[in-house]
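Numbering (the working numbering), first residue to last: 43 to 120. All C-beta atoms in this analysis are idealised placements derived from N, C-alpha and C, irrespective of residue type, glycine included. In this text, all values refer to a predicted model and were calculated from it rather than measured experimentally.
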């Protein structure tokens, strides 16, 4: 079974045991977060929300808060 959830303005496909990277959440490391904006539930029977699936939520655990490595971008004109 999988779900498509909306968090941080992005839509992410998740299933049991997945590790995902999302925008900053209002939770400390080690705490559980309930993602209630479920757009779609998939599996044997697919349920599509209008816009969200009623009564559905995804429980996630925050492993750590932090920033990704810094990217250096060069722009030049030829």
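- For residue 54, the enclosing beta strand (DSSP E) stretches over residues 52 to 57.
- Between the alpha carbons of residue 75 and residue 99 lies a distance of about 10 Å.
- Residue 96 has its alpha-carbon roughly 13 Å from the corresponding atom of residue 45.
- Its chain contains 44, 45, 47, 62 and 100 as the residues whose beta carbon lies nearer than 7 Å to that of residue 56, once the 5 sequence neighbours on both sides are disregarded; these appear in chain order.
- When DSSP reads this structure, residue 46 sits in a beta bridge with 55 and 82.
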